[in-house]
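Trainee: One structure is given below, represented as structure tokens, and several questions about it will come after.
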Amino acid sequence: MKTVGDHLYVATLLPYDQHMKIDEAAYRRFLRHFLDNERFVKMGGGLCINPEAGEIFYLTRAEKRRVLEIAQEENNGKVPLIAGTWALTTEETIETAKDCKALGVDGIFVTPPGGAQDVTSCWDADAYPEIWLDQIIAQDRVVDLPIVTHPVGGAKPPFYPGLPIGATLRICREVPNIVGWKMTYMYDGFRLIAKGLRSLDRHVAVMGALASRWHEYKATGMFDGTLSGFWNFAVEPMMDHLDAWDRNDIVTARAIWDGGLSELQDYVADMARLHIRYKTATWLAGLIPNPFMRAPMPKPSRVEIETLHRLLSRVGVPVIDIADTRKVA
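So that you can map any letter, position 183 of the sequence shown is 250 in our numbering, and since no number is skipped, the others follow by simple counting.
Structure follows, in structure tokens:
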């Protein structure tokens, strides 16, 4: 049975004005880019508000709430909408989850704790799953909503940068409200985690994240939905590709993939520049006013701008004039 996890969620970006404040008008226009796309809606599209791509790590609680208010006003129930709950302390994370429920989300999007090395870069999730599990349970108790996870941690290959298999399965078994697992992994880790999720006694959606591997994942059948920032800048060619797979038209799917989509997604998928390239590509596509992210996130380089401009053009995404990009880098 399909759940809240079985949808094509956009990890939505957040545009800022020249003073690095939330540009509410630009954000509304950006959300309409998806909500007014009837094909995206019919394919099972959804919105994830306040994800990492939306810079949740650099927003105040009040800003997160305002962003979600705007999204709910624009969405008005048209597509499933889930929202991030991350905050620096567990106490504020729980309060943010309460805000999400009060604003009527369809589910919450949970991310592991931030801060000290014990709970971030040095965290051994198989040995100490409670570091995140306890926080998920605390949120679950107060909101009782479907949960989609964003598993990131200090796992070694093949599970980097997600959670290892032991912790993944334990968390899913102990929290029945978990309906989707964002697949943050490289290919080998993805295969192991997807098979593990399929072994559970209930359905937990395998949700594609890095679109640079969707061609392979669709071929394996390990693909129930998405939670991805790649949708922000290339919705039309990405829908064409998935639609071809859904029709079992492998020739067309391969032609789209080999015709430039794979090259674009591979370039964006550099983990050290992922979110910078998301936002830069979305700006180049004319969907937001600028590519800037709040510090300490850096500005894009000139090489990134020119490369993304070329790759977007190749797959048929309308782009702004390259001359208009020189004011940025």
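Positions of the beta carbon are idealized from the N, C-alpha and C atoms, including for glycine.
The structure presented is a predicted model; accordingly, all values stated were derived computationally and were not measured.
1. Along the chain, where does the alpha helix (DSSP H) that runs through L236 open and close?
2. Which ranges would you report for the beta strand (DSSP E) in the stretch 95 to 127 if only whole runs of at least 3 residues count?
3. Quick test of the definition: if touching needs 3 or more C-beta pairs under 8 Å, does the stretch 323 to 339 touch the stretch 98 to 111?
4. If you pair each beta-carbon of the stretch 282 to 295 with each one of the stretch 348 to 362, do three or more pairs fall below 8 Å?
5. If distances are taken between C-alpha atoms only, which option among M289, E371, L277, P243 comes closest to R269?
6. Classify G171 as buried or exposed, calling it buried when 16 or more other Cβ atoms lie within 10 Å of its own Cβ.
7. Could you tell me which residues DSSP pairs with I175 in its beta bridges?
8. Looking at the unbroken alpha helix (DSSP H) that takes in V318, where does it start and where does it end?
9. By the 10 Å Cβ neighbour count, where 16 or more other Cβ atoms means buried, how is L155 classified, buried or exposed?
10. On the three-pair Cβ rule with 8 Å, is the stretch 356 to 364 touching the stretch 311 to 319?
11. What residue range is occupied by the uninterrupted beta strand (DSSP E) comprising A75?
12. Report all residues from its chain with a CB closer than 8 Å to the CB of L267; omit the five preceding and five following residues, and keep chain order.
13. For T152, which of A301, G256, Q202 has the nearest alpha-carbon?
14. Relative to the C-alpha of H100, which residue among P180, E141, L331 is closest?
15. Just reading off the beta strand (DSSP E) that M274 is part of, what are its end residues?
16. If you measure between the beta carbons of G113 and P147, is that distance less than 8 Å?
17. Please state the DSSP three-state secondary structure of S368.
18. Measuring CA to CA, which of V246, G229, I245 is closest to R258?
19. Since G256 is in the alpha helix (DSSP H), which residue starts that stretch and which ends it?
20. Might you give, ordered along the chain, the residues of its own chain that have their beta carbon closer than 7 Å to the beta carbon of V273, omitting 5 neighbours on each side?
21. Taking Cβ to Cβ, would you say R132 is nearer than 8 Å to D166?
22. Output yes or no for whether 8 Å exceeds the beta carbon distance between A164 and V209.
23. Go through its chain and collect everything with a Cβ distance to L379's Cβ below 8 Å, but skip five positions before and after it.
24. Under 8 Å between the Cβ atoms of Q139 and V177?
25. What span of residues does the beta strand (DSSP E) with I245 cover, start to end?
26. Quick check: G121 and V246, are their CB atoms within less than 8 Å of each other?
27. By DSSP, does S295 sit in helix, in strand, or in coil?
28. What do you reckon, are the CB atoms on N117 and L135 nearer than 8 Å?
Mentor: So, from the data block:
1. 232 to 241
2. 112 to 116
3. no
4. no
5. P243
6. exposed
7. A150, I214
8. 317 to 323
9. exposed
10. no
11. The amino acid at residue 75 is misidentified as Ala; the sequence shows Leu. Per DSSP, L75 belongs to the beta strand (DSSP E) from 75 to 78.
12. L236, C239, R240
13. Q202
14. E141
15. 272 to 275
16. yes
17. coil
18. G229
19. 254 to 265
20. W248, M250, A261, L264, M289, F290, D291
21. yes
22. yes
23. F300, A301, L331, A348, L351, A352, V386
24. no
25. 245 to 250
26. no
27. strand
28. yes
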